[in-house]
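Chains as they are written, first to last, in this note's numbering: chain A, 6 to 257; chain B, 7 to 308.
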């Protein structure tokens, strides 16, 4: 495997708040990296830093293959305007808007790519529906199809399963698996310990001013989750001994 | 009736007014559509007031000069917008409160200056416009602004659509997202200035917002929104001007905006995305949650 992005000695935060210090990590092609942490630990800031929207306090980012023409990005849905008058197929085509040029529209190959992405996300019959008629799960599928159109070597997904049902989550996870097999690097921000972690090769745990990364099994130890402020001691005791222990132990 | 229209057309100032408002409809339609879509409808109204001090100072210094109107209005508009953005970024106030505070001061200052200077031009013509004020330089200004607006929208349309629909995604995909935002605000100020003589400061934004909000009840695509918004704006201007001629002593601005208001009301009641849709869906009990099939407002794919 080769690194899409090398991060060295990264300290991330704001002038009056340091989120974490001295993170060095390679984001490899063909891997899925889960980013986990409590609220305010810096998960979304880490994603914004990867996009170039905020600058790190110190450290270095190196793109061994050159900075990609596009970084696939799926933000949290909070700022998305669902009443905007646009059809599903046009939303998906947005993924390739920078390649359109000023005057020309999507060519035949582009339209075929849009149709294929809609098909793969199981929303082709909704292609001509306006956005406001979609359910939360259908909209998330459409946004995944837009990420497909971006055709990016690095894909950042910020809490993509926050508002979708279990069957949609399962289907979207299978799409992430396919991206990984295609050799793309996927960074997946998740907010809870769930089966989603079964689909990740590595995890980056943020919190307590530190960033810890490694294989899922090695990072998600109860004492580390408590030390980095992700779980309280009583929560850790319940989760690792209680009814949900079987699932959690798979990751710890 | 026919004689009345013949008589109306015999007046040069009425012919000018019809030409001016037709050009204005072309120009303000895309600006109004994106004001509504970007949730800036009230900010548009605030900016209409914010340009007034510049216009008034220009008038006091050089009379009804289009150049001074343009320069004064641009300085005032950009000044207020920049100051509001600065206050929102560096202080506790949010953008809407900053802009509201500044435009109220701007409006009061302009009325104060106009009165203190002992203007011979009645205040109403500043606030509500006057079709008699449309001279050759005003028409040139309208044509120039319409040209700049249409060319700018041809270039900016796609990034503007992406940034309006999903601003976070847009910000992640471009290095200078502020270019689109600031470019759009500049077009807004230019169009407010272009509409100033015909509609006045209070009514100028009405021709932008009302046709756009009315069109929103019918259109499910940006193309439909723009096309229908233009039709509504044009109808408002032509019918409004005719009413203003038929009823002497009524200013053109409120007449035009009232007609636009009528079209808005009809759209609320009968548009497929207004109350009309709710009435229809009630009659189809049990299927309200199904996605509504897409229908283009003009019966074809755009």
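Glycine included, C-beta positions come from ideal geometry on N, C-alpha and C.
- Exclusion of the five residues before and after residue 169/A leaves 142 and 145 as the residues of its chain whose Cβ lies within less than 6 Å of its Cβ.
- Shown here, residue 33/A sits in a strand according to DSSP, grouped into three states.
- For the segment 28–48 of chain B, the set of positions with a beta-carbon nearer than 7 Å to some beta-carbon of chain A reads 43 in chain order.
- In the same chain as residue 109/B, and ignoring 5 residues on each side of it, the C-beta atoms closer than 7 Å to its own belong to 52, 55, 56 and 86, in chain order.
- Cβ contact annotation for residue 46/A (same chain, cutoff 6 Å, sequence separation greater than five): 211 and 212, in chain order.
- Residues of the same chain with a CB within less than 7 Å of the CB of residue 95/A, apart from the 5 flanking positions on each side, do not exist.
- Against chain A, a Cβ distance below 7 Å from residue 164/B picks out 102 and 105.
- Annotation for residue 144/A: the continuous alpha helix (DSSP H) segment containing it runs 141–155.
- A direct Cα-to-Cα measurement between residue 135/A and residue 78/A gives close to 22 Å.
- The beta carbon of residue 42/A is closer than 7 Å to those of 48, 210, 211, 212 and 235 in its chain, skipping five residues each way along the sequence.
- With contacts defined by Cβ atoms closer than 8 Å, residue 166/B and residue 134/B do not form a contacting pair.
- Among the CB atoms of chain B, one or more fall inside 8 Å of the CB of residue 58/A.
- For residue 19/A, the enclosing beta strand (DSSP E) has its first and last residue at 8–19.
- Taking 8 Å as the threshold, the shortest C-beta distance from residue 91/A to chain B falls below it.
- The closest CA to that of residue 9/A, considering only 99/A, 123/A and 32/A, is found on 32/A.
- According to the DSSP assignment, residue 84/B belongs to the alpha helix (DSSP H) that extends over 72–96.
- Straight-line measurement puts the Cα of residue 279/B at about 8 Å from the Cα of residue 222/B.
- Residues are counted here when their Cβ sits less than 9 Å from a Cβ of chain B; for the segment 67–81 of chain A these are 75, 76, 78, 79, 80 and 81, given in chain order.
- Selection 120/B, 47/B and 148/B evaluated against residue 106/B yields 47/B as nearest (Cα-Cα).
- Judged by DSSP in its simplified three-state form, residue 180/B adopts coil rather than helix or strand.
- At a beta-carbon threshold of 9 Å, none of the residues of chain B lie near residue 197/A; the nearest stands roughly 22 Å away.
- Along the segment 166–178 of chain B, the positions whose C-beta sits under 8 Å from a C-beta of chain A are 167, 168, 170, 171, 172, 173, 174, 175, 177 and 178, read in chain order.
- Rounded to whole angstroms, the separation of the alpha carbons of residue 283/B and residue 277/B is 7 Å.
- Nearest Cα to residue 244/B within the set 213/B, 99/B, 150/B and 73/B: 213/B.
- For residue 92/A, the beta-bridge partners assigned by DSSP are 135/A.
- Against residue 20/A, chain B offers no close residue; the least beta-carbon distance is about 14 Å (beta-carbon pairs closer than 9 Å).
- The continuous stretches of beta strand (DSSP E) do not include residue 136/B, and DSSP gives it neither H nor E.
- Within the segment 217–228 of chain B, the residues whose Cβ lies closer than 8 Å to some Cβ of chain A are 222, 225, 226, 227 and 228, listed in chain order.
- Annotated as proximal: residue 58/B and residue 207/B, with beta-carbon spacing under 8 Å.
- The closest CA to that of residue 161/A, considering only 15/A, 27/A, 56/A and 14/A, is found on 56/A.
- The beta carbon of residue 188/B does not come within 8 Å of any beta carbon belonging to chain A, so the residue lies off that interface.
- In this structure, DSSP gives residue 66/A an extended state, which the three-state scheme calls strand.
- Closer than 8 Å to the CB of residue 135/A there is at least one CB belonging to chain B.
- Pairing residue 34/B with residue 233/B gives a Cβ-Cβ distance that is not under 8 Å.
- For residue 99/A, a Cβ of chain B is located within less than 8 Å of the residue's own Cβ.
- Ranked by how close their Cα comes to the Cα of residue 82/A, the residues 166/A, 131/A and 66/A have 166/A in first place.
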